[in-house]
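Trainee:
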Amino acid sequence: MRSARVAARNLNVALACSIALLWTATPLAAARTREHIVRQILLDERPVGSVNGVTVSSGSTVEHTVRLGEAILDGARVDVPAHVELIVTSSGNKSRTMLPPGSSVTFITTNLGERYSVNAGDPTFSDVPGALDYFDVQAGRDIDAAAAGTAFSVGVAAGEVTVRCTEGDVNVQKTGYVKIGTLAYKASLVDTISPASGAVTYHTGGVWYLARFATLAQAETYYRRKLAAARRMGDANAVASAVTNLGVVEGTQGRYAGAVKWDQQALALSQRLGDRDREAIALNNLGIAREREGQYAAALHADEQALALYQQLGDREGQAIALTNIGNVEAEQRQYTAALQSERQALTLYEQLGDRDGESTAIMNAALVQESQGGYSEALQSLQQALVLFRQLGDRDGEATALDNVGVAREHEGKYADAFRLIQQALALFRQLGDRDGEAHALTATGHVQEDQGKYAGALHSFQQALTLYRQLGDRDGTAGALGSIGGVEEHQDEYAGALHSYQQELALLRWLHNPAGEANTLANIGFAQVNLNRYADALQPFQQALVLYRQLDDRVGEAKALNNIGVVQEGQGQYAAALSSDREALALYRQVGDRDGEAKALNNIGVVQEDQGQYTDALQSYGESLAISQQTGDQSLAKKTAASIQKVQSHVRQVASPSPRPLPTGSPTALRPLHS
71 MRSARVAARN
81 LNVALACSIA
91 LLWTATPLAA
101 ARTREHIVRQ
111 ILLDERPVGS
121 VNGVTVSSGS
131 TVEHTVRLGE
141 AILDGARVDV
151 PAHVELIVTS
161 SGNKSRTMLP
171 PGSSVTFITT
181 NLGERYSVNA
191 GDPTFSDVPG
201 ALDYFDVQAG
211 RDIDAAAAGT
221 AFSVGVAAGE
231 VTVRCTEGDV
241 NVQKTGYVKI
251 GTLAYKASLV
261 DTISPASGAV
271 TYHTGGVWYL
281 ARFATLAQAE
291 TYYRRKLAAA
301 RRMGDANAVA
311 SAVTNLGVVE
321 GTQGRYAGAV
331 KWDQQALALS
341 QRLGDRDREA
351 IALNNLGIAR
361 EREGQYAAAL
371 HADEQALALY
381 QQLGDREGQA
391 IALTNIGNVE
401 AEQRQYTAAL
411 QSERQALTLY
421 EQLGDRDGES
431 TAIMNAALVQ
441 ESQGGYSEAL
451 QSLQQALVLF
461 RQLGDRDGEA
471 TALDNVGVAR
481 EHEGKYADAF
491 RLIQQALALF
501 RQLGDRDGEA
511 HALTATGHVQ
521 EDQGKYAGAL
531 HSFQQALTLY
541 RQLGDRDGTA
551 GALGSIGGVE
561 EHQDEYAGAL
571 HSYQQELALL
581 RWLHNPAGEA
591 NTLANIGFAQ
601 VNLNRYADAL
611 QPFQQALVLY
621 RQLDDRVGEA
631 KALNNIGVVQ
641 EGQGQYAAAL
651 SSDREALALY
661 RQVGDRDGEA
671 KALNNIGVVQ
681 EDQGQYTDAL
691 QSYGESLAIS
701 QQTGDQSLAK
711 KTAASIQKVQ
721 SHVRQVASPS
731 PRPLPTGSPT
741 ALRPLHS
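Counting in my numbering, the sequence shown runs from 71 upward without gaps.
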């Protein structure tokens, strides 16, 4: 399957892990009834029982008066005007929020833990040590502050977020780009801030570089020093942050085995600390690293454990993140129905939370699954909806990803000019942002549009640029895809030896990644290249290996294609009985799955073998059935070819009176090879 770009899954850290593309057996946990209570109202520093001018927005309900003792429910946003100050505590006085004049806060979650979002101003937060499982404050898309038993403030101004800690320490997650050498990687890192740190201001927006290093070794050295310092101080929280950051640095460079090692250490530390929220985040990160290794069973296990923890905590945002990560693994394994269900459950949670950033990404990921299922019109509508949301949010990386995916959808519709224009817009944005992974994907998408238009030289150049980037990034999955795309163009140019070499390189990577579906497709392409080189004996083995894999994957369409290809080779070697058996197996499978195009091609191939053996009556029947189906499905190329075969057999039957005529040379049967992975 030609891939669209999935929303970025960064190796994330201390709080709300990144959004990406369920485990449907586990229902979503019901939230406990907890709330925030208005404990004090000051008007020009004087206590009052109520005040006008404060805006409390909850869905479509908007109030402009606040009273002492009033309950503020999850999802409500409170905007405080000049001259007014509010003090709000959560159920059981487990946390306290002070909202000064001009501040704005959204109360996202109140359960076993609490989560807030600062929209404006400089509110102050504190929570009772050991009373909550997590306490998180978000500021825009780029900053999260996580605390346990601390007092701190988060100030939001234009392009700036300032964090001050007056008691304990606070983990601040910042999302942006890490630059190593000339390459930039989107990632999230953690700072641990204490009273000794003073006020720390982050300048967000635009292309925000979290750190710059000349080499990966320099980055590793820096964070290893941070880890050593945290250990010397005996600060377990800072140790956990440093370990997590080391996992991020390893993962951004495609060194997933190293990322797994650090993520496992972060998991063990969080379990030792009894910090279930950090434990869930470590599991999420571990799942992402495992998925990128191609270790899908291990990835799914980690993601499901994270989901279970978030459900226990009543953390709906965490549940949405875990659901999308699980759906991503399901999509990688072509379990599209399950993946779509996972993504839709995540979308429902984001809508309930009023998280438009999460909502936009969930919409896009659901659209990509729909596209994989062939629902191009529905997918395009969803992608355009996501694009509008990303633009409204000012999320330029999300906008670029959506543009790229809309372009791919337009390509599927055959609207190549529109597709090329949209993908080029995405490419320009990715380059402005320094998102090299996005740039590589947009170059790949550009190459596919050029290939569809027969512009093979341009396509080859685009794919080679993408290949260079993927290799620099250490992205083996992207590298494999680029090699497969290059092999496809080389085939179009009749450079079969070059295509074979590209496919063989791709196959080695896919085996390293433990990607059996991709491996099966590439084996089929290797076999096809061997056929084009007239190496029938060499072609048979990869086709048979592909068949075994398709059967293990329970991919009946892939199995049918492999059988058809095996039949082509057997027919070319004069093994007519074996070829007929393979083609008939393929025909039965196509009929089981209702694939009319495949059925028509299998019937055509059966007709070719029957004609080769002089079984003209049977051949005419097979060709006739194939022609009828291809005309119904609109496959004009096959219909034309089959009609010519029928005319040739009919002519031969009229001219030859012998009951045992000599078989005529025929055209080649129709080989069905999978799309390039």
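Positions of the beta carbon are idealized from the N, C-alpha and C atoms, including for glycine.
Can you give the beta carbon distance from Ala310 to Ala336, rounded, assuming they're within the 8 Å contact cut?
Mentor: Position 240 of the sequence shown holds residue 310. Position 266 of the sequence shown holds residue 336. Yes, Ala310 and Ala336 are in contact; Cβ-Cβ is about 6 Å, under 8 Å.
Trainee: On the CB-based measure, 16 or more other CB atoms within 10 Å of its CB, does Pro612 come out buried or exposed?
Mentor: The residue given as residue 612 occupies position 542 in the sequence shown. Under this definition Pro612 is a buried residue.
Trainee: Pairs of beta-carbons, one from the segment 264 to 280 and one from the segment 181 to 196, closer than 8 Å: are there three or more?
Mentor: They do not touch, by the three-pair rule.
Trainee: Could you say if the segment 230 to 249 and the segment 304 to 318 meet the contact criterion of at least three C-beta pairs nearer than 8 Å?
Mentor: Taking 8 Å as the limit for Cβ pairs, the verdict is that the segment 304 to 318 does touch the segment 230 to 249.
Trainee: Going by C-alpha distance, which of Leu659, Asp624, Gly644, Gln622 is nearest Asn634?
Mentor: For the purposes of this step, residue 634 is taken as residue 564 along the sequence shown, with counting starting at 1. Here the closest residue by C-alpha is Leu659.
Trainee: Residue range of the alpha helix (DSSP H) that Asp653 falls in?
Mentor: The count along the sequence shown starts at 1 and reaches residue 653 at position 583. 646 to 663 is the extent of the alpha helix (DSSP H) around Asp653.
Trainee: Using DSSP with H/G/I as helix, E/B as strand and the rest coil, what is Asp667?
Mentor: Start at 1 with the first residue of the sequence shown, and residue 667 comes out as number 597. Helix at Asp667.
Trainee: First and last residue of the beta strand (DSSP E) that includes Gln208?
Mentor: By one-based count along the sequence shown, residue 208 stands at place 138. Run containing Gln208: 205 to 209, per the beta strand (DSSP E) assignment.
Trainee: Could you give the distance in angstroms between the alpha-carbon of Leu603 and the alpha-carbon of Gly397?
Mentor: Reading the sequence shown from its first residue, position 533 is the one you call residue 603. Reading the sequence shown from its first residue, position 327 is the one you call residue 397. In a straight line, the C-alpha of Leu603 is about 41 Å away from that of Gly397.
Trainee: Using only CA atoms, which one of Val663, Gly251, Leu492 lies nearest to Thr322?
Mentor: Taking the first residue of the sequence shown as 1, we reach residue 322 at position 252. Nearest of Val663, Gly251, Leu492 to Thr322, Cα basis: Gly251.
Trainee: Using a threshold of 8 Å, state whether the C-beta atoms of Ile157 and Gln110 are closer than that.
Mentor: Locating residue 157 in the sequence shown gives position 87, counting from the first residue. Locating residue 110 in the sequence shown gives position 40, counting from the first residue. Yes, these two residues count as a Cβ contact at 8 Å.
Trainee: On the CB-based measure, 16 or more other CB atoms within 10 Å of its CB, does Asp425 come out buried or exposed?
Mentor: Within the sequence shown, numbered from 1, the residue matching residue 425 stands at position 355. With 16 or more Cβ atoms within 10 Å of its Cβ, Asp425 is classed as buried.
Trainee: Specify the secondary structure class of Gln110 as computed by DSSP and reduced to three states.
Mentor: One-based indexing of the sequence shown puts residue 110 at position 40. Strand.
Trainee: Determine the direct distance from the alpha carbon of Arg348 to that of Ser340, and round the result to whole angstroms.
Mentor: In the sequence shown, counting from the first residue as 1, residue 340 sits at position 270. In the sequence shown, counting from the first residue as 1, residue 348 sits at position 278. The straight-line gap from Cα to Cα measures roughly 6 Å.
Trainee: Just list the residues that DSSP pairs Pro117 with in beta bridges.
Mentor: Residue 117 sits at position 47 when you count from the first residue of the sequence shown. Paired residues: Leu112.
Trainee: Quick check on the DSSP output: the alpha helix (DSSP H) that includes His518 runs from which residue to which?
Mentor: If you number the sequence shown from 1, residue 518 lands on position 448. Taken as a continuous stretch (DSSP letters only), the alpha helix (DSSP H) holding His518 covers 506 to 522.
Trainee: Can you say whether Ala741 is buried or exposed, counting buried as having 16 or more other CB atoms within 10 angstroms of its CB?
Mentor: Residue mapping note: residue 741 aligns to position 671 of the sequence shown, counting from 1. Annotation note: pLDDT 43 at Ala741 (below 50); position unreliable, no value reported.
Trainee: To the nearest angstrom, how far is it from the Cα of Ala496 to the Cα of Thr516?
Mentor: On the sequence shown, position 426 is the one that residue 496 refers to. On the sequence shown, position 446 is the one that residue 516 refers to. One C-alpha to the other measures close to 10 Å.
Trainee: For Pro586, count the other beta carbons within 10 Å of its own beta carbon; 16 or more makes it buried, fewer makes it exposed. Which is it?
Mentor: Counted from its first residue, the sequence shown places residue 586 at position 516. Pro586 comes out buried.
Trainee: Could you check the C-alpha separation between Ser412 and Ile716 for me, to the nearest Å?
Mentor: In the sequence shown, the residue the question calls residue 412 occupies position 342. In the sequence shown, the residue the question calls residue 716 occupies position 646. Taking the straight line joining both Cα atoms gives about 50 Å.
Trainee: Note down, in chain order, each residue of its chain lying with its Cβ closer than 6 Å to the Cβ of Tyr326, except the 5 sequence neighbours on either side.
Mentor: Numbered from 1 along the sequence shown, position 256 holds the residue referred to as residue 326. Same-chain partners within the cutoff: Ala359, Arg362, Glu363.
Trainee: Give me the Cα-Cα distance between Thr135 and Ser127, rounded to the nearest whole angstrom.
Mentor: Residue mapping note: residue 135 aligns to position 65 of the sequence shown, counting from 1. Residue mapping note: residue 127 aligns to position 57 of the sequence shown, counting from 1. Each residue's alpha carbon lies about 11 Å from the other.
Trainee: Starting from Asn189, trace the alpha helix (DSSP H) both ways and give me its first and last residue.
Mentor: The count along the sequence shown starts at 1 and reaches residue 189 at position 119. Note, Asn189: premise wrong, no alpha helix (DSSP H); beta strand (DSSP E) at 184 to 190.
Trainee: Along the chain, where does the beta strand (DSSP E) containing Leu169 start, and where does it finish?
Mentor: Reading the sequence shown from its first residue, position 99 is the one you call residue 169. Counting along the chain, the beta strand (DSSP E) containing Leu169 begins and ends at 165 to 169.
Trainee: Please report the residue range of the alpha helix (DSSP H) in which Ser555 lies.
Mentor: To locate residue 555, count along the sequence shown from 1; it is residue 485. It spans 546 to 562 - the alpha helix (DSSP H) in which Ser555 sits, taken as one unbroken run.
Trainee: Could you spell out the range, first to last residue, of the alpha helix (DSSP H) harbouring Val148?
Mentor: For the purposes of this step, residue 148 is taken as residue 78 along the sequence shown, with counting starting at 1. Val148 -> not in any alpha helix (DSSP H); beta strand (DSSP E) instead, spanning 146 to 149.
Trainee: Note down, in chain order, each residue of its chain lying with its Cβ closer than 6 Å to the Cβ of Phe490, except the 5 sequence neighbours on either side.
Mentor: For the purposes of this step, residue 490 is taken as residue 420 along the sequence shown, with counting starting at 1. Taken in chain order, the residues that qualify are Val519.
Trainee: Do Ile213 and Thr274 have their CB atoms nearer than 8 Å?
Mentor: Within the sequence shown, residue 213 is the residue found at index 143, counting from 1. Within the sequence shown, residue 274 is the residue found at index 204, counting from 1. Contact: yes.
Trainee: Can you name the residues that DSSP bridges to Gly225?
Mentor: Position 155 of the sequence shown, counted from the first residue, corresponds to residue 225. DSSP lists Thr232 as partners of Gly225.
Trainee: Which whole-angstrom value is the C-beta distance of Gly477 and Ile493, which I expect to be below 8 Å?
Mentor: By 1-based counting over the sequence shown, the position of residue 477 is 407. By 1-based counting over the sequence shown, the position of residue 493 is 423. At roughly 4 Å, the Cβ-Cβ gap stays under 8 Å, so Gly477 and Ile493 are in contact.
Trainee: Rounded to whole angstroms, how far is the Cβ of Leu453 from the Cβ of Asn475, which I believe are closer than 8 Å?
Mentor: Here the question's residue 453 lines up with position 383 in the sequence shown. Here the question's residue 475 lines up with position 405 in the sequence shown. That belief holds up - the Cβ atoms of Leu453 and Asn475 are roughly 5 Å apart, short of 8 Å.
Trainee: Helix or strand or just coil, what does DSSP make of His273?
Mentor: Stepping through the sequence shown from its first residue, residue 273 is reached at position 203. Of the three classes helix, strand and coil, the one that applies to His273 here is strand, per DSSP.
Trainee: To the nearest angstrom, how far is it from the Cα of Val399 to the Cα of Gln365?
Mentor: Your numbering for residue 399 matches position 329 in the sequence shown. Your numbering for residue 365 matches position 295 in the sequence shown. So the alpha carbons of these two residues sit roughly 9 Å apart.
Trainee: Which first and last residues belong to the beta strand (DSSP E) in which Glu155 is found?
Mentor: Position 85 of the sequence shown holds residue 155. Counting along the chain, the beta strand (DSSP E) containing Glu155 begins and ends at 154 to 160.
Trainee: Mapping DSSP to helix, strand and coil, what is Ala218?
Mentor: Residue mapping note: residue 218 aligns to position 148 of the sequence shown, counting from 1. Three-state result, Ala218: coil.
Trainee: For the segment 443 to 450 against the segment 417 to 432, are there 3 or more C-beta pairs whose distance is under 8 Å?
Mentor: Taking 8 Å as the limit for Cβ pairs, the verdict is that the segment 417 to 432 does not touch the segment 443 to 450.
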